[in-house]
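Q: The structure is given below, and queries will be raised subsequently.
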Amino acid sequence: MAQTAAQPRRLVIVESPTKARTIVGYLGDGYDVEASVGHIRDLPQPSELPADMKKGPFGKFAVDVDSDFEPYYRVAPDKKKKVTELKRLLKDADELYLATDEDREGEAIAWHLLEVLKPTVPVKRMVFHEITPEAIARALESTRELDYSLVDAQETRRILDRLYGYEVSPVLWRKVRAGLSAGRVQSVATRLVVERERERMAFVPAHYWDLDIDLAVPGSGAEFAARLTTYHGQRVAGGRDFDDAGQLKEKAASEVVVLTEDMATELAGQLTTSAKDSLRVTALETKPYSRRPAAPFTTSTLQQEAGRKLRMTARQAMRTAQSLYENGYITYMRTDSSALSTQAVTAARNQIAELYGPEYVPESARVYAQKQKSAQEAHEAIRPAGDSFRTPAQVSGKLSGDEFRLYDLIWKRTLASQMADAKGKTATMRITADLGEDRTAGFTASGTVITFRGFLAAYEEGRDAERYAAKEGGRLPEVEEGQAISVARAEADGHTTAPPPRFTEASLVKRLEELGIGRPSTYAAIISTIQDRGYVTERGSALVPSWLAFSVVRLLEEHFGGLVDYQFTAALEADLDAIAGGAKERSQWLSEFYFGTGADHDGLKPTVDDLGDIDARAINSIDIAEGIVLRVGRYGPYLEVSPEAAAGAGAKAAAEQAGAKAAAKGEGESGEPAPIRVSVPDDLAPDELTAEKARELIAEQGQGDRELGVDPESGHTIVAKSGRFGPYVTEILPEPEEKPKRGAKKPKPRTASLFKSMDPATVDLATALKLLSLPREVGADAEGEVITAQNGRYGPYLKKGSDSRSLETEEQIFNITLEEALAIYAQPKQRGRRAAAAPLKEFGEDPESKKPVVLKDGRFGPYVTDGTTNATLRKDDAVDSITAERAFQLLAEKRAKGPAKKRTTAKKTTAKKTTAKSSSAKKSTAAKSTTAKKSTTARTTAAKKTTAAKKTSTATPKTP
17 MAQTAAQPRR LVIVESPTKA RTIVGYLGDG YDVEASVGHI RDLPQPSELP
67 ADMKKGPFGK FAVDVDSDFE PYYRVAPDKK KKVTELKRLL KDADELYLAT
117 DEDREGEAIA WHLLEVLKPT VPVKRMVFHE ITPEAIARAL ESTRELDYSL
167 VDAQETRRIL DRLYGYEVSP VLWRKVRAGL SAGRVQSVAT RLVVERERER
217 MAFVPAHYWD LDIDLAVPGS GAEFAARLTT YHGQRVAGGR DFDDAGQLKE
267 KAASEVVVLT EDMATELAGQ LTTSAKDSLR VTALETKPYS RRPAAPFTTS
317 TLQQEAGRKL RMTARQAMRT AQSLYENGYI TYMRTDSSAL STQAVTAARN
367 QIAELYGPEY VPESARVYAQ KQKSAQEAHE AIRPAGDSFR TPAQVSGKLS
417 GDEFRLYDLI WKRTLASQMA DAKGKTATMR ITADLGEDRT AGFTASGTVI
467 TFRGFLAAYE EGRDAERYAA KEGGRLPEVE EGQAISVARA EADGHTTAPP
517 PRFTEASLVK RLEELGIGRP STYAAIISTI QDRGYVTERG SALVPSWLAF
567 SVVRLLEEHF GGLVDYQFTA ALEADLDAIA GGAKERSQWL SEFYFGTGAD
617 HDGLKPTVDD LGDIDARAIN SIDIAEGIVL RVGRYGPYLE VSPEAAAGAG
667 AKAAAEQAGA KAAAKGEGES GEPAPIRVSV PDDLAPDELT AEKARELIAE
717 QGQGDRELGV DPESGHTIVA KSGRFGPYVT EILPEPEEKP KRGAKKPKPR
767 TASLFKSMDP ATVDLATALK LLSLPREVGA DAEGEVITAQ NGRYGPYLKK
817 GSDSRSLETE EQIFNITLEE ALAIYAQPKQ RGRRAAAAPL KEFGEDPESK
867 KPVVLKDGRF GPYVTDGTTN ATLRKDDAVD SITAERAFQL LAEKRAKGPA
917 KKRTTAKKTT AKKTTAKSSS AKKSTAAKST TAKKSTTART TAAKKTTAAK
967 KTSTATPKTP
């Protein structure tokens with residue numbers, strides 16, 4: 017009997033567990049699909065380098081800038097288990113398929129896998145932009161080699177960001193605040209937001225008037241809105257005619273009339289009385305109306321529309337889109353291209369005819385020109401996956417929450433992009449009112465009537481807020497030229513010019529794309545980073561910069577101007593695209609960026625080396641008014657107010673007290689007032705801190721120490737103060753009679769924060785003494801252990817030994833009884849919760865652990881768990897919309913990382929070693945040094961290899 021040949025085993029590696037679960041169902045027998053869970057190695061922090069490398073060429077950046085910018089990569093500690101698993105699976109495989117995403121980052125992940133796994137079996141690069149049975153089958157038939165130009169581009173980007181961050185960030189630490197970061201794109205994005213806020217701060221409003229008026233055709237009863245356009249033959253001024261300084265623009269000054277309130281009121285009165293029926297139609301114009309649909313989604317337009325229509329953040333939109341892609345519902349979500357494949361166009365046109373009718377299908381398919389010069393991230397727009405599209409109704413049973421809403425948006429946009437134009441007509445009516453004595457007022461009414469909805473039947477693109485958006489009119493009545501018109505209603509209507517609108521996430525992404533800064537895969541990360549760093553906060557949907565961002569941007573503009581220049585940053589992106597296309601060489605380009613090219617470009621290193629003195633005080637100061645300066649301090653922003661400005665704002669006493677304190681320290685003349693500090697509320701936006709608001713804050717907080725009386729027990733004076741963390745009471749200790757001995761600790765005064773319900777202006781001595789007496793002893797339990805009530809950083813609480821329990825209100829600190837305290841301690845401790853709560857959601861059985869998964873609310877926020885593994889929800893995972901797929905994905909990622917490793921105390925252990933162990937350690941160190949030398953030699957050799965050499969050999973490792 018003939019033997020059947022054994023079926024070959026093929027190992028397919030993707031980056032996501034969800035993607036792996038989807039693909040394995042399409043591949044069938046003979047394929048093992050495993051996820052790397054993102055990158056398996058990266059540039060380590062310098063502190064994580066091996067000891068023998070910390071003082072070498074890799075010690076500063078983990079990149080050897082003198083040897084063709086050769087990077088040193090390290091397998092992440094939480095990925096070592098995953099690498100071991102992949103190597104085990106590879107031993108039994110006959111072929112290796114690297115099926116990571118088809119963009120630069122995906123190509124880099126595939127290359128790192130190749131470098132670490134060192135396969136001896138044939139390797140194939142498998143790419144697809146949608147996860148469907150047809151797409152996977154096509155991908156298997158058309159595998160390719162690894163694209164080393166894409167790898168070089170991603171590697172260059174990573175090294176570039178490391179050089180930028182590690183050279184510039186330390187300057188921010190020294191001159192602004194420790195722990196800050198600068199980044200090639202994040203700093204430019206922050207600058208955009210800060211510049212917009214500067215425009216708002218400098219903005220001076222202008223006031224103008226017009227009419228709110230409704231007209232009517234006599235006898236018909238049909239009313240319609242109109243707009244006042246001329247007065248006595250001159251055009252009436254609108255918001256667009258004023259500049260941001262509140263003045264008429266030069267061109268408009270001779271052309272327009274600015275109506276005052278009196279003029280508008282007089283005109284409205286005349287039009288509703290003597291001139292009510294003096295209006296005539298002087299011109300009619302009708303034009304055909306046609307509107308084309310928007311192109312299919314790219315990454316940036318998807319983020320913008322998800323923000324406008326679904327109120328999603330950029331990060332949330334991308335996370336949801338990634339889940340839809342990995343589960344086979346949409347095509348790849350990182351793309352610059354708005355093109356659709358032939359199959360997709362056919363699917364869209366067929367579905368349009370089926371759902372809306374053949375008249376909604378244009379004669380020829382629509383082709384959208386590519387706006388970006390380099391659509392490098394993928395080859396097609398974001399659309400529903402497959403050669404035929406599933407309608408939202410067909411997926412509603414499997415998708416819910418954000419996933420369903422985003423799929424519905426993508427489906428509608430894709431179909432609309434291939435539908436017929438919307439058709440209609442736009443009518444414009446010009447009307448003149450005779451006011452007598454050769455005086456006239458002109459009005460315009462316009463309206464658009466849609467006669468064929470076309471693509472609007474499926475979808476209409478959203479819009480960002482505009483400063484002076486024109487109102488869209490509706491249907492106008494049928495009239496003839498010369499026909500009489502009457503006034504139905506007229507009122508004077510006042511307006512104030514609007515400052516430039518703040519960026520939203522959607523409009524910031526749009527602006528970054530217009531400037532050519534960043535790429536599809538980076539927009540969400542850019543916005544998340546500037547928020548996480550404290551440079552930008554959200555107010556509603558608007559992005560508001562912090563005062564800290566003002567300091568950072570000012571330092572960068574004044575000392576690193578080229579690095580935050582918009583054109584320079586866009587040129588960097590274009591150069592990275594050129595590297596991806598093989599037109600530029602990686603190491604030469606990095607050398608020019610870092611070391612400079614002479615006259616054309618100074619280079620990052622020479623710029624940092626030649627910074628000179630930076631006045632940190634000036635960098636962190638912003639003038640608000642005469643004698644009032646905002647300072648960005650270590651603990652946040654505050655106002656520094658001169659004695660004269662303090663006196664003018666009613667805070668003379670505080671300035672005198674500040675002067676007395678300075679004199680006591682030997683820092684000023686006795687009796688002379690000194691500058692005072694006033695804290696700035698966190699929720700006050702920079703453009704809201706006007707001179708008037710600053711004086712208001714000074715008046716509120718700058719009253720100085722308020723003396724409440726004398727403590728009868730200690731004889732110390734008790735005062736109320738305003739501090740960095742809010743109002744508080746304290747005691748003034750007398751100066752010691754004898755000079756304290758050197759090194760002796762000075763006695764500290766008792767201090768207590770005021771309750772939220774207390775006002776420092778009205779708090780009395782009795783209340784202050786009660787606060788200073790805390791903690792209060794409530795009583796003792798049956799075992800004699802004392803229970804105290806006190807106020808802490810996180811609010812009021814009870815304490816018994818090491819067992820603390822939260823109280824509901826601050827007032828309970830003074831009035832809770834022993835019985836009530838014992839009742840609280842009789843309840844089981846729930847880490848701040850009153851009782852064990854039921855799961856917030858149930859998701860069913862986890863596909864890996866086969867255990868039920870639920871969503872719970874924990875001490876550190878909501879999390880999902882299968883009883884063994886817990887995974888905290890990410891920032892943009894909403895409790896009400898998280899899906900089962902997302903819950904399973906979070907748990908899979910947590911399992912892949914493995915348990916958190918405990919910190920070791922290597923230094924202490926080494927110190928206790930015996931002589932024998934020390935001898936052993938020396939041998940080991942010597943061995944390591946030898947290995948390190950060999951490894952360094954190998955790396956140096958590898959650094960000089962060309963890209964072509966990279967393609968033919970993967971023997972030289974870049975990992976320890």
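Take 17 as the starting number for the sequence shown in this note's numbering and just add one per residue. Glycine residues also receive a C-beta, built at the ideal position from the N, C-alpha and C atoms. Note that the coordinates shown come from a computational prediction; the quantities given were computed from them, not determined experimentally.
1. Using CA coordinates, which residue listed in 177, 27, 661, 45 is at the minimum distance from residue 585?
2. Count the other CB atoms, across all protein chains shown, that sit within 10 Å of the CB of residue 191; report buried if there are 16 or more and exposed otherwise.
3. Go through its chain and collect everything with a Cβ distance to residue 827's Cβ below 8 Å, but skip five positions before and after it.
4. So, at 7 Å on beta carbons, what are the nonlocal neighbours of residue 148 in its own chain, with the 5 sequence-adjacent residues on each side left out?
5. Check residue 85 in the structure and name its three-state DSSP category.
6. CB-CB under 6 Å to residue 40, same chain, minus the five flanking residues each way: which ones, in chain order?
7. Along the chain, where does the beta strand (DSSP E) containing residue 872 start, and where does it finish?
8. As an exercise, report each continuous alpha helix (DSSP H) stretch of at least 4 residues that is fully enclosed by the segment 247-298, in chain order.
9. Between residue 716 and residue 193, what straight-line distance do the alpha-carbon atoms span, to the nearest angstrom?
10. Taking its Cβ as the centre, do 16 or more other Cβ atoms sit within 10 Å of residue 341, making it buried, or is it exposed?
11. Quick test of the definition: if touching needs 3 or more C-beta pairs under 8 Å, does the segment 313-320 touch the segment 518-528?
12. Mapping the DSSP letters down to three states, classify residue 843 as helix, strand or coil.
13. Roughly how many angstroms separate the alpha carbons of residue 174 and residue 167, rounded to a whole number?
14. Am I right that residue 225 and residue 511 are in contact with their C-beta atoms under 8 Å? What's the rounded C-beta distance?
15. Counting only the same chain and skipping the five closest in sequence on each side, list residues whose C-beta sits under 7 Å from that of residue 493.
16. Relative to the alpha-carbon of residue 100, which residue among 546, 460, 51, 659 has its alpha-carbon at the smallest distance?
17. Does the separation of the CB atoms of residue 206 and residue 726 fall below 8 Å?
18. Since residue 10 is in the alpha helix (DSSP H), which residue starts that stretch and which ends it?
19. Give the C-beta separation of residue 202 and residue 546 to the nearest angstrom, bearing in mind that I take them to be a contact with Cβ-Cβ under 8 Å.
20. For residue 294, count the other beta carbons within 10 Å of its own beta carbon; 16 or more makes it buried, fewer makes it exposed. Which is it?
21. Using 8 Å for Cβ pairs, my map puts residue 227 next to residue 284. What's the rounded Cβ distance?
22. Spell out a yes or no on whether the segment 494-511 and the segment 534-550 are touching, meaning 3 or more CB-CB pairs, one atom from each, closer than 8 Å.
23. Could you tell me whether the Cβ atoms of residue 199 and residue 180 are closer together than 8 Å?
24. Are three or more beta carbon pairs between the segment 639-657 and the segment 606-626 nearer than 8 Å?
25. State yes or no: is the C-beta of residue 123 within less than 8 Å of the C-beta of residue 145?
26. Is the Cβ-Cβ distance between residue 565 and residue 210 less than 8 Å?
27. Where are the beta strand (DSSP E) runs, 3 residues long or more, that stay fully inside the segment 771-809, in chain order?
28. Rounded to the nearest angstrom, how far is the Cβ of residue 230 from that of residue 446, given a contact under 8 Å?
29. By the DSSP assignment, the beta strand (DSSP E) with residue 51 in it spans what residues?
30. Would you give the residue range spanned by the beta strand (DSSP E) that residue 725 belongs to?
31. What are the partner residues of residue 998, as DSSP defines its beta bridges?
32. Which same chain residues end up closer than 8 Å to residue 860 when comparing Cβ atoms and leaving out the 5 residues on each side of it in sequence?
33. Going along the chain, which unbroken runs of the alpha helix (DSSP H) with 4 or more residues stay wholly within the segment 547-571?
34. If we call anything under 8 Å between Cβ atoms a contact, is residue 432 one with residue 471?
35. Within a Cβ cutoff of 7 Å, which residues of the same chain sit near residue 170, ignoring the five residues on either side of it in sequence?
36. Would you kindly check if the distance between the Cβ of residue 434 and the Cβ of residue 361 is under 8 Å?
A: Reading off the structure:
1. Position 569 of the sequence shown, counted from the first residue, corresponds to residue 585. Measuring from the Cα of residue 585, the nearest candidate turns out to be 177.
2. For the purposes of this step, residue 191 is taken as residue 175 along the sequence shown, with counting starting at 1. Result: buried.
3. Reading the sequence shown from its first residue, position 811 is the one you call residue 827. For residue 827, where only same-chain residues beyond five positions count, the Cβ hits under 8 Å are 771, 773.
4. Residue numbering aside, residue 148 sits at position 132 when the sequence shown is read from its first letter. Excluding sequence neighbours, residue 148 sits near 344, 401, 402.
5. What you label residue 85 is simply residue 69 of the sequence shown in a count that begins at 1. The answer is coil: DSSP assigns residue 85 none of H, G, I, E or B.
6. Residue numbering aside, residue 40 sits at position 24 when the sequence shown is read from its first letter. Excluding sequence neighbours, residue 40 sits near 49.
7. Position 856 of the sequence shown, counted from the first residue, corresponds to residue 872. Segment 868-874, the beta strand (DSSP E) holding residue 872.
8. 266-269, 277-287
9. By one-based count along the sequence shown, residue 716 stands at place 700. By one-based count along the sequence shown, residue 193 stands at place 177. Near 28 Å, if we compare the C-alpha coordinates of residue 193 and residue 716.
10. On the sequence shown, position 325 is the one that residue 341 refers to. Residue 341 is buried by the Cβ-count criterion.
11. yes
12. To locate residue 843, count along the sequence shown from 1; it is residue 827. Residue state, collapsed to three classes: coil.
13. Position 158 of the sequence shown holds residue 174. Position 151 of the sequence shown holds residue 167. Rounded to the nearest angstrom, the two C-alpha atoms are 11 Å apart.
14. The residue given as residue 225 occupies position 209 in the sequence shown. The residue given as residue 511 occupies position 495 in the sequence shown. Between residue 511 and residue 225 the Cβ distance is about 7 Å, and since that is below 8 Å, they are a contact.
15. By one-based count along the sequence shown, residue 493 stands at place 477. Cβ neighbours of residue 493 beyond the five flanking positions: 233, 236, 238, 240.
16. To locate residue 100, count along the sequence shown from 1; it is residue 84. With distances taken between Cα atoms, residue 100 lies closest to 51.
17. In the sequence shown, the residue the question calls residue 206 occupies position 190. In the sequence shown, the residue the question calls residue 726 occupies position 710. Result no, Cβ atoms of residue 206 and residue 726 do not sit closer than 8 Å.
18. Residue 10 is absent from the model: the chain starts at 17 and stops at 976.
19. Reading the sequence shown from its first residue, position 186 is the one you call residue 202. Reading the sequence shown from its first residue, position 530 is the one you call residue 546. Yes, residue 202 and residue 546 are in contact; Cβ-Cβ is about 5 Å, under 8 Å.
20. As a working mapping, residue 294 is identified with position 278 in the sequence shown. Residue 294 comes out buried.
21. Translated into positions along the sequence shown, residue 227 becomes position 211. Translated into positions along the sequence shown, residue 284 becomes position 268. That pair is a contact at about 6 Å.
22. no
23. As a working mapping, residue 199 is identified with position 183 in the sequence shown. As a working mapping, residue 180 is identified with position 164 in the sequence shown. Yes.
24. no
25. Reading the sequence shown from its first residue, position 107 is the one you call residue 123. Reading the sequence shown from its first residue, position 129 is the one you call residue 145. In this structure, residue 145 does not lie closer than 8 Å to residue 123 by Cβ.
26. The residue given as residue 565 occupies position 549 in the sequence shown. The residue given as residue 210 occupies position 194 in the sequence shown. The answer is yes: Cβ separation under 8 Å.
27. 792-796, 802-808
28. Walking along the sequence shown from the start, residue 230 turns up at place 214. Walking along the sequence shown from the start, residue 446 turns up at place 430. In fact, because the Cβ distance is near 17 Å, the residues do not count as touching under 8 Å.
29. Mapped onto the sequence shown, residue 51 falls at position 35. Taken as a continuous stretch (DSSP letters only), the beta strand (DSSP E) holding residue 51 covers 47-51.
30. In the sequence shown, residue 725 corresponds to position 709, counting from 1. Segment 722-726, the beta strand (DSSP E) holding residue 725.
31. In the structure as shown, the chain starts at 17 and stops at 976, and residue 998 therefore has no counterpart that could be examined.
32. Against the sequence shown, residue 860 aligns to sequence position 844. If we look at residue 860 and ignore the five residues flanking it on each side, its Cβ neighbours are 868, 869, 900.
33. none
34. For the purposes of this step, residue 432 is taken as the residue at position 416 of the sequence shown. For the purposes of this step, residue 471 is taken as the residue at position 455 of the sequence shown. In this structure, residue 471 lies closer than 8 Å to residue 432 by Cβ.
35. Against the sequence shown, residue 170 aligns to sequence position 154. Only 120, 121, 123, 124 meet the Cβ criterion.
36. Within the sequence shown, the letter at position 345 stands for residue 361. Within the sequence shown, the letter at position 418 stands for residue 434. Closer than 8 Å, so yes.
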